[in-house]
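For reference, the structure discussed in these notes is given below.
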C-alpha cells in the first residue's frame, strides 16, 4: 500500500514538473512575442 502511494506521489510530481516546464516555455514565447511587437511598433512610430 505504501509503495503504491509513493508511486502516486512520484507521478504527481512528474506531472507538476511537466506543467512548470510548459509554463516556462510559454512565458519564453510570450516574451519573444512582446519583443517582436515592440520592434514592429517602434518601426511604425518612425
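Residue numbers (this note's numbering): 0 to 45.
All C-beta atoms in this analysis are idealised placements derived from N, C-alpha and C, irrespective of residue type, glycine included.
From residue i to residue j, what distance separates their C-alpha atoms?
i, j, result
"residue 23", "residue 3", "30 Å"
"residue 46", "residue 27", "Nothing about residue 46 can be read from this structure; the chain reaches only from 0 to 45."
"residue 6", "residue 18", "18 Å"
"residue 39", "residue 20", "29 Å"
Flag residue i as yes when its Cβ comes closer than 8 Å to any non-hydrogen atom of the ligand COA, and as no otherwise.
i, result
"residue 4", "Ligands are entirely absent from the displayed structure, and the ligand COA is therefore not among its contents."
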